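In this note's numbering, each number is its position in the sequence shown, counted from 1, plus 90.
Every residue, glycine too, gets a C-beta built ideally from N, C-alpha and C.
Please read these numbers as outputs of a predicted model, since none were measured by experiment.
Some notes on the structure that comes next.
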Amino acid sequence: MGAVVRFRLLGPVEVQGPNGVVPLGGPKTKAVLVSLLLRHGQVVPSELLVESVWGDERPPSALSTLHSYVSRLRRALAGASAGEDRITTVADGYRIVVSPAELDVEEFHALRERAQRAVDADDLKTARAVLRQALALRAGPILSGVPGVFADTKATLLEDLWQSTHEECLGIDLRLGLHQDILPELRVAWREQPMREPLAGKLMLALHRCGQSAEALAVFRHTRDALVDELGIEPGMSLRTLHEQILNDDPALHSRHDQASRPHRGLPRSVADFTGRAAELARLTADDGGQGPVIWTIDGMAGVGKTALALRAAHLLAGRHPDLQLLVDLRGHTPGRRPHEPEQALEIMLGALGVRPSSMPATEEERASLWRSMTADRRALVVFDDAASAAQVRPLLPAGRDCVVLVTSRGRLSELDGTRTLSLEPLPARDAETLFGNIVGADRAEREPAAVAEAVEICGHLPLAIRVAAGRLRSRPAWSVAQLAQRLRDETSRLAELTGPEFGVTSALQLCYSHLGEEERRFFRMLGLHLDSEFDAFYAAAASGVDPGRAEALLESLVDVHMLQQPSFGRYQLHALLRLYAMDRLRAEEPALGRRAAVQRVLHYLTHTQHNLYRTLFPSARPLPLGPPPSGVTPRTFGTPEEALRWREMERLGLLNSRVGIPLTDLSRPGRRIPWSRLGPSFRRLHVIGRMLAAPLAWPCPGRHTAMLTEGAILGDIGVLCAWQRQYDQARQYHLRALELFRAADGPVNEAATLCALGALSLYLGQPAAALNHYRQARKVYLRLGESWGRGLTHTGMALALDRLGRPTEALHWAEAAVDVLGGTDGHRELAVAAELADRTRTCLTLAG
Numbered sequence: 091m092g093a094v095v096r097f098r099l100l101g102p103v104e105v106q107g108p109n110g111v112v113p114l115g116g117p118k119t120k121a122v123l124v125s126l127l128l129r130h131g132q133v134v135p136s137e138l139l140v141e142s143v144w145g146d147e148r149p150p151s152a153l154s155t156l157h158s159y160v161s162r163l164r165r166a167l168a169g170a171s172a173g174e175d176r177i178t179t180v181a182d183g184y185r186i187v188v189s190p191a192e193l194d195v196e197e198f199h200a201l202r203e204r205a206q207r208a209v210d211a212d213d214l215k216t217a218r219a220v221l222r223q224a225l226a227l228r229a230g231p232i233l234s235g236v237p238g239v240f241a242d243t244k245a246t247l248l249e250d251l252w253q254s255t256h257e258e259c260l261g262i263d264l265r266l267g268l269h270q271d272i273l274p275e276l277r278v279a280w281r282e283q284p285m286r287e288p289l290a291g292k293l294m295l296a297l298h299r300c301g302q303s304a305e306a307l308a309v310f311r312h313t314r315d316a317l318v319d320e321l322g323i324e325p326g327m328s329l330r331t332l333h334e335q336i337l338n339d340d341p342a343l344h345s346r347h348d349q350a351s352r353p354h355r356g357l358p359r360s361v362a363d364f365t366g367r368a369a370e371l372a373r374l375t376a377d378d379g380g381q382g383p384v385i386w387t388i389d390g391m392a393g394v395g396k397t398a399l400a401l402r403a404a405h406l407l408a409g410r411h412p413d414l415q416l417l418v419d420l421r422g423h424t425p426g427r428r429p430h431e432p433e434q435a436l437e438i439m440l441g442a443l444g445v446r447p448s449s450m451p452a453t454e455e456e457r458a459s460l461w462r463s464m465t466a467d468r469r470a471l472v473v474f475d476d477a478a479s480a481a482q483v484r485p486l487l488p489a490g491r492d493c494v495v496l497v498t499s500r501g502r503l504s505e506l507d508g509t510r511t512l513s514l515e516p517l518p519a520r521d522a523e524t525l526f527g528n529i530v531g532a533d534r535a536e537r538e539p540a541a542v543a544e545a546v547e548i549c550g551h552l553p554l555a556i557r558v559a560a561g562r563l564r565s566r567p568a569w570s571v572a573q574l575a576q577r578l579r580d581e582t583s584r585l586a587e588l589t590g591p592e593f594g595v596t597s598a599l600q601l602c603y604s605h606l607g608e609e610e611r612r613f614f615r616m617l618g619l620h621l622d623s624e625f626d627a628f629y630a631a632a633a634s635g636v637d638p639g640r641a642e643a644l645l646e647s648l649v650d651v652h653m654l655q656q657p658s659f660g661r662y663q664l665h666a667l668l669r670l671y672a673m674d675r676l677r678a679e680e681p682a683l684g685r686r687a688a689v690q691r692v693l694h695y696l697t698h699t700q701h702n703l704y705r706t707l708f709p710s711a712r713p714l715p716l717g718p719p720p721s722g723v724t725p726r727t728f729g730t731p732e733e734a735l736r737w738r739e740m741e742r743l744g745l746l747n748s749r750v751g752i753p754l755t756d757l758s759r760p761g762r763r764i765p766w767s768r769l770g771p772s773f774r775r776l777h778v779i780g781r782m783l784a785a786p787l788a789w790p791c792p793g794r795h796t797a798m799l800t801e802g803a804i805l806g807d808i809g810v811l812c813a814w815q816r817q818y819d820q821a822r823q824y825h826l827r828a829l830e831l832f833r834a835a836d837g838p839v840n841e842a843a844t845l846c847a848l849g850a851l852s853l854y855l856g857q858p859a860a861a862l863n864h865y866r867q868a869r870k871v872y873l874r875l876g877e878s879w880g881r882g883l884t885h886t887g888m889a890l891a892l893d894r895l896g897r898p899t900e901a902l903h904w905a906e907a908a909v910d911v912l913g914g915t916d917g918h919r920e921l922a923v924a925a926e927l928a929d930r931t932r933t934c935l936t937l938a939g
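Next comes the structure, spelled out in C-alpha cells:
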C-alpha cells in the first residue's frame, strides 16, 4: 500500500493524508464513505449503499448520484494516497481498500483485545494504559453529521461500545486503588448518564473509599429516582447490593489490588562529594508548574560530570515526581556493548511500571504508545543516561504534563525537538579545587593550596581527571599534593597518571575516539600537531591536508561530540587532555612520513599567510621571492589591512606557540627535543619576535619609525618560517630586508636578533666566515644595549663559526666567554649549549696535543 492515510470515524468523520485533512464533500458523500469503511474489504452492492444513505427517501436519481459521490471520493483519496485507487468497482458494487492500522475503529477493537489479554494475565496496569489509548481515539460524537439509517445505527453501537470500554477502564482503575485519581472523571461521566447503573456503582464505590459515603448514598438515591421516573424500574441487584454494603461499611469494599500504590523509585544514589554546578542545578530544577513534559539534554565531553549532575538534579526533583523515578542506561558509549535499541529500552521502562513479559507489546511503536499512555497521568521523572543519538531517545519520551526527563549525552542532540539544552564545561577553578579537597580531605588540601590549584589546572578542571588524581593521592598518605602535581607536570606520562584501577581519562577518551568515523579520527589526531592555543579552519586544513571547507565541517562535527571546544565563532581549541590524547594517537597511528608532511604543510600555510598579511599591510613594499603554496595548502588572504590585523590579533599567540612547538618537537618520541647545537643559537631570536607577536599592532602605524619596525618584524617572522622549511636562501633575503628596516628605524633589539638569525643561516649555508661577521655585529649591538643574554648568545655563535673555520683555540675562548656571561642570566638552555660546545672543543684540543 502507498502513503499512509488515517480514516477517523470515532468522532466527526475525517480523512487525514500526508498533507493534512482531505476534503470529502457534503454529508451524503461522507455517508457513502462510512458505509464502505465499516464494511472494508467487502464488496458493497450499489443498492445497499443507496439504502444506507437515503433509506426510505430514495430519489429517482439515487444510483447516478451515488456514482458521482464515489467518483468524488476516488479522486480525493487517490490524491492523499500517492495516486493509489482506494475504491474499486466490482460487478454492481464497490470495495474500499484500507489497512486495519489506518482505520480508527479497527485500532479501537485491537486495543480492546490487547487490554483483555492483559487482564487475563492479571496485568492490570498494562490493561489500564491500553484502554486509555483506546478511549483517546474518540474525538467527539461518533459519526456526527453523517445522515442515514446505517450511520445512525452504527453510531449508536459504537458509542455504546465506547461507554462500555470507559466503564471497564474505570473498573480497572478502582481495582488498582486509583479511586482518588478518577473521582472527578467519574462525577462528570455519571452526570451525563445518571441512569447507567455500572457507572453509578463505580462512582459510589470510589466515593465510599474516599471517605465520602454520604455522597455515595446520595448517588444511589438519584440513580434510583431517575430509573423509576424515566423507565418505571428499580435498580438492579448489583447496585442494590453495593448500596447495602456501603450502609454497613462492608470491609470487602476496601480490599483492592494495590499494584499502583507502590511507585517505582529506581534512582541510584547521588555522588556523595558532588561539588559546584549551582547555576546548572537551578536551571534543571526550576518549577515549570506542570507545563511539561520538560525535557533537558545535558551534553559535554567525556568526564565532565554529566551523569553526576543529572543524578543530583533528579534527587532534588524527586519530591515533585513521586509516581515514577527511573534511570535507564542507554549504553551509548559502554565498552564492549552496543547501545540499547529503543525497543529494548522501552521493555526496561515498561517492566519498571509492572508490565509483565507476557503482556509486553511486540513492536517498538506499540511499546512507545503504551509507555506514553502509562505515564500520561503520572508525575514521572526519568533519566536517560549516555544517549547515543536523538533517534535513540525520541521514542522513549513521555507525553504527560507532569513528566520531567533528563538526557545525558556526549554529543549534542540538536535533532531532538522540544528540548532544553545544557552544555557542560569543565569546572571553574574554585569548584575544581573544592572537589579535589572533598576527595582528599579538606585539611590535607588546605595545607598546600598552591599545589592543589596547580594539580586541578593540569587536570584541565575536568571532574573525572580530578577524581582520579585526588583518589590516587587519598590512597597514598605519604605523598604530598606538590609531589602529585610534579608527577602530573610531565605531559608524556600525564594520561597514564590519570588512569585509575576501574576507570580513567584515557579509557573515556578512547571510547569517544572509537565512535568517530575514520576520516574524523585522522582529522582529530592531526590536530595534535597544535599546542594549546586556539586555531581556525585554515590551520586545521593545513594540518590534515583537506580543503578549508571540509576542515570546517569536520571541526563542527567534533564540536558536536565535544571532542573539540569552540571559544568563539570560527575559533577552535582542544582541551588540554584531549590535546595530549590527540598527540598520543598521532604518534601511534600516523606514519612518520605523514607527520613530517603535516608539519611541512602547516609551515607552508603559516609562511604564505604571513606573506599575504605583509603584502596587505605594505602593498608598496619591495616584493620578495616566495613561490606558490604547495598542493594541499590554502593560505589565508586578506581584503583589507583591518581584516589582516584582525587575523593577526587572533593568531598572534597561537602562531608563536605553533612555530615554537612544531619544529622543535620530534613527534616520533614523546618529549624529545632537537639538540640546540643542531639548531644554532639564532633560534632564540624567537623570544625577541615573540615580544612583538604577544602585543597587538597599532594600525595605521603612528609614524614611519613604527611602520618600519612593524614591517621588519613581519619579514623576520616569514624568514624564520622559511628557515624551518630549509628554504635558507629565501630566509636570508627576508632577514636582510628586515635588517635594513630595523637599522633605518633605529631598532637595536630587533637588529641584533636579526643579525643572529643571519649568522645561523650562514652556518646552515656553509658560510662560517659570513656567520662570524654577523655574530660580531650582533655582539656590538648587545654590548651597547647592556644585554647579557644576547651577548652570551653571540659568543656561542662566534664559537660555532670559528670551530667551522678550523680555529679551535679561538672557538674555545668564545665558548668559555659564553659560559661566563650566560651563567649570570636565566638562559639555562643557552648555558647548557655553550658549556657542551666548550667541553667538546676543549676535548678536541687536548686530543690534538
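Taking the Cα of Arg-712 as reference, the smallest distance to any Cα among Arg-686, Ala-828, Met-673 and Asp-650 is reached at Ala-828. Remark: C-beta atoms of Arg-577 and Glu-592 do not approach each other more closely than 8 Å.
Val-180: member of the beta strand (DSSP E) spanning 177 to 180, first to last residue. Residue pairing for His-354: DSSP places it in a beta bridge opposite Leu-414. With respect to Ala-598, Gly-914 sits apart: the two C-beta atoms are not nearer than 8 Å. In the assembly as shown, Val-472 is a buried residue. Its beta-carbon has 16 or more other beta-carbons within 10 Å. For Glu-104, the pairing in a beta bridge is given by DSSP as Arg-98. Just so you know, the alpha carbons of Arg-330 and Ser-303 end up roughly 15 Å apart. Going by beta carbons, Trp-386 and Arg-510 fall inside the 8 Å limit. The beta carbons of Ile-804 and Leu-703 sit closer together than 8 Å.
Distance check between Arg-129 and each of Arg-202, Ala-241, Val-209 and Gly-115 places Ala-241 closest, using alpha-carbon atoms only.
Just measuring C-alpha positions, the residue of Leu-163, Gln-823, Cys-259 and Leu-127 sitting nearest Gly-115 is Leu-163. Contact check for Leu-487 against Val-494 fails: the beta carbons are separated by 8 Å or more.
Beta-bridge pairing by DSSP links Ile-385 to Val-495.
With respect to the 8 Å criterion, Leu-707 and Gln-820 are not classified as neighbours on the basis of their beta carbons. A straight line joining the alpha-carbon of Leu-619 with that of Gly-409 spans about 50 Å.
Between Met-653 and Leu-670, the C-beta spacing is not below 8 Å. Nearest neighbour of Gln-700 by Cα position, chosen from Val-689, Pro-681, Met-673 and Leu-735, turns out to be Leu-735. Going by DSSP, Ile-556 is part of the alpha helix (DSSP H) stretching over 553 to 564. In the DSSP annotation of this structure, the continuous segment of the beta strand (DSSP E) that includes Asp-475 starts and ends at 470 to 477. DSSP lists Arg-661 as the bridge partner or partners of Ser-658. Taking a C-beta distance under 8 Å as the contact criterion, Ala-224 and Leu-233 do not qualify as a contact pair. In its chain, beyond the 5 residues on either side, Val-418 have a beta carbon closer than 7 Å to the beta carbon of Ile-438.
For Gly-183, DSSP records a beta bridge to Pro-135 and Val-180.
Distance between Ala-306 and Ile-272, taken at the CA atoms: about 15 Å. Between Leu-420 and Ala-478, the C-beta spacing is below 8 Å. A residue is called buried when at least 16 other Cβ atoms come within 10 angstroms of its Cβ; Met-464 meets this threshold and is buried. Counted as a single uninterrupted DSSP element, the stretch harbouring Thr-724 is not any alpha helix (DSSP H), since DSSP gives it neither H nor E. For Thr-884, the enclosing alpha helix (DSSP H) starts and ends at 878 to 894. Val-111 is bridged by DSSP to Gln-106. Residue pairing of Arg-510 in beta bridges, as defined by DSSP: Trp-386.
For Glu-547, the enclosing alpha helix (DSSP H) starts and ends at 539 to 548. Phe-708 has no beta-bridge partner at all, per DSSP.
Relative to Leu-201, the option among Thr-255, Asp-250 and Glu-249 whose CA is nearest is Thr-255. Cβ neighbours of Ala-121 within its own chain (closer than 6 Å, five residues either side excluded): Val-143, Val-236, Pro-237, Gly-238 and Ala-241. Counting every other CB atom within 10 Å of its CB across the protein chains shown gives Asn-109 a total below 16, marking it as exposed.
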